[in-house]
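One structure is given below, encoded as structure tokens.
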Amino acid sequence: MSDQDERDPQELRRILAGQLAAGGHLRTPPWREAVETVPRHEFLRGGFFDRVDLPGRPTAWAPVMPDEPLWLERCYEDESLVTQIAGTIAPRDLRGEITRAPTSSSTMPSLVVRMLEDLAVEAGHRVMEIGTGTGYSTALLCHRLGDDQVTTVEVDEEISAHAGAALGACGYAPHRVIGDGLAGHAAGAPYDRTVATCGIVDLPPSWIEQTRPGGVILATLGGWMYASELARLTVHEDGTASGRFLGGQISFMLARPQQPPPLGVLPDLDQGDEHPALLGADALNDWNTRFVAQLAAPRTQRITLDRDGRTEHVLIDVNAGSWAALTETNGAWTVRQGGPDRIWDAIEHHVNRWREHGAPELDRFTVTATPNGHTITWPGN
Ligand SMILES: C[S@@+](CC[C@H](N)C(=O)[O-])C[C@H]1O[C@@H](n2cnc3c(N)ncnc32)[C@H](O)[C@@H]1O
20 MSDQDERDPQ ELRRILAGQL AAGGHLRTPP WREAVETVPR HEFLRGGFFD RVDLPGRPTA
80 WAPVMPDEPL WLERCYEDES LVTQIAGTIA PRDLRGEITR APTSSSTMPS LVVRMLEDLA
140 VEAGHRVMEI GTGTGYSTAL LCHRLGDDQV TTVEVDEEIS AHAGAALGAC GYAPHRVIGD
200 GLAGHAAGAP YDRTVATCGI VDLPPSWIEQ TRPGGVILAT LGGWMYASEL ARLTVHEDGT
260 ASGRFLGGQI SFMLARPQQP PPLGVLPDLD QGDEHPALLG ADALNDWNTR FVAQLAAPRT
320 QRITLDRDGR TEHVLIDVNA GSWAALTETN GAWTVRQGGP DRIWDAIEHH VNRWREHGAP
380 ELDRFTVTAT PNGHTITWPG N
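With positions in the sequence shown counted from 1, the corresponding number in this note's numbering is that position plus 19.
As structure tokens, this is what we get:
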């Protein structure tokens, strides 16, 4: 018998639950009972990908299959485990390593349970989950609320089918929907709770429409500069929703239809207006500052170019055709900008206003959503 055969998944679950409780993520007995019961490894039977970071090359991913040493233990570590790469590739499809982006994963358990706690569900609640993934978080919901109370929407048919098989093997049968979760699932509405396990750039009006007044939407709002926060919104009678960020620098892979567009042909970065920048591009290394910058330029993507012996920090709004390129010489920053909007001027203005108001933390920001879009403000703004 191998070491792995001797390990008891139930014991591993108890240890994980203890760690999640000690870390303050798992806060209530019903969710602890669910974590101690639902076998996460059953949702990872298709294997997962290990991250491989080597100097001088992009991040690669290597498959780890269930017959490999430590697979079972890894399933009960507080780690996100990537289960799909580049929209189609599963661990079983690959030998060696691949350097494309992850497109599905089993979210790290501390974040899964934190979100379930923040969702504040009660017995009898109907929950819509967007992003079934492996089905692990769906199973926790089914365990707590019962199959009939849970609707889970996944955009990827194959991922949904795998999740369905794992859920079935564990004795769970939620309403499993294949489709774009940004449209919700009107047939099962109204829901008491809507929870998204993929990130969003725009809050879909369907989620407000399909969550009952007084109900809660929990979703990670971000942008294409990849700073995001978990928001909890309460839906109101008038068809709007409002709430706060909960803090913690939460990030999720973005909902597929809200991924950034391809960069296309880069603009001529030697053209454009040039002037000294008040704010350096290094300010964007700070999560909160980047989040605020993103509010001023929500469709902007950020890339770094090394050309002519210097590093250029480039921001591009592909659809608008606007761009800004920043360079540093002896600590002084210069910006060149082109296209219809002056992206960096707008970012500087917004970040400076936020700083003038004392640079409040993101958990003091307010989110207000209507069917026409959402706005994010900080105290005093
Ligand atoms: C982080 S994973 C989900 C983790 C999952 N809750 C778990 O515990 O395994 C995010 C999932 O969202 C899915 N997704 C992305 N865009 C979506 C969309 N528009 N509608 C529904 N699902 C989407 C992805 O395919 C991916 O499986």
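For glycine and all other residues, C-beta sits at the position ideal for the given N, C-alpha and C.
Given the structure is predicted, the values throughout are model-derived calculations rather than measurements.
Buried or exposed (CB count within 10 angstroms, at least 16 for buried), residue i
i: Met84; result: exposed
i: Ser21; result: Confidence is the limiting factor: at Ser21 the pLDDT is only 48, short of 50, which leaves the residue's position unreliable, though a coordinate-based value still follows. Label assigned to Ser21: exposed.
i: Thr216; result: buried
i: Thr404; result: Not covered by the structure: residue 404. The range shown for the chain is 20 to 400.
i: Val284; result: exposed
i: Pro193; result: buried
i: Leu381; result: buried
i: Gln29; result: exposed
i: Asp289; result: exposed
i: Arg145; result: buried
i: Leu282; result: exposed
i: Asp211; result: buried
i: His60; result: buried
i: Pro48; result: exposed
i: Thr102; result: buried
i: Ala343; result: buried
i: Gly183; result: buried
i: Pro110; result: buried
i: Asp336; result: buried
i: Glu293; result: exposed
i: Ala351; result: exposed
i: Thr239; result: buried
Any non-hydrogen atom of ligand 1 within 8 Å of residue i CB
i: Tyr155; result: yes
i: Ala53; result: no
i: Val6; result: Outside the modelled stretch of the chain, which goes from 20 to 400, sits residue 6, for which no answer is possible.
i: Phe264; result: no
i: Gln229; result: no
i: Phe271; result: yes
i: Val131; result: yes
i: Asp221; result: no
i: Gly150; result: yes
i: Val174; result: yes
i: Phe68; result: no
i: Arg163; result: no
i: Pro276; result: yes
i: Gly200; result: yes
i: Ser123; result: yes
i: Ile34; result: no
i: Ile178; result: yes
Residue i CB to nearest heavy atom of ligand 3 below 8 Å
i: Thr107; result: The model depicted lacks ligand 3 and carries ligand 1 instead.
Residue i to residue j span [Cα, whole Å]
i: Val354; j: Asp325; result: 16 Å
i: Phe384; j: Leu89; result: 42 Å
i: Ser124; j: Glu98; result: 10 Å
i: Cys189; j: Arg163; result: 14 Å
i: Gly267; j: Glu248; result: 7 Å
i: Ala250; j: Arg275; result: 19 Å
i: Arg263; j: Ala246; result: 16 Å
i: Gly37; j: Leu297; result: 48 Å
i: Gln23; j: Leu91; result: A caution first: Gln23 carries a pLDDT of 46, below 50, which makes its placement in the model unreliable, though a value can still be read off. Gln23 and Leu91: Cα-Cα distance of roughly 7 Å.
i: Val174; j: Gly75; result: 34 Å
i: Phe310; j: Leu113; result: 36 Å
i: Ser179; j: Pro58; result: 18 Å
i: Arg33; j: Leu130; result: 17 Å
i: Thr14; j: Thr387; result: Because the chain in this structure spans residues 20 to 400, residue 14 falls outside the shown range and cannot be described.
i: Asp72; j: Gly115; result: 14 Å
i: Ala316; j: Leu345; result: 16 Å
i: Glu177; j: Ser261; result: 35 Å
i: Ala300; j: Gly66; result: 39 Å
i: Ser341; j: Gln277; result: 19 Å
i: Pro87; j: Asn391; result: As written in the sequence, residue 87 is Glu, which differs from the Pro given in the question. Their backbone Cα atoms lie some 50 Å apart in a straight line.
i: Leu303; j: Ala312; result: 8 Å
i: Leu334; j: Ala365; result: 12 Å
Closer than 9 Å to chain D by CB, residue i
i: Thr170; result: Protein chain content of the structure displayed is limited to a single chain, and chain D is not contained in it.
Would the region 256-265 count as touching the region 140-158 if we require 3 or more Cβ pairs under 8 Å? no
Determine, using beta-carbon pairs with one atom in the region 106-126 and one in the region 45-56, whether at least three such pairs fall under 8 Å. no
Within the chosen definition, does the region 363-372 reach the region 213-231 through at least 3 CB pairs nearer than 8 Å? no
Count the C-beta pairs between the region 233-241 and the region 128-143 that are closer than 8 Å, then say yes if the count reaches three, no if not. yes
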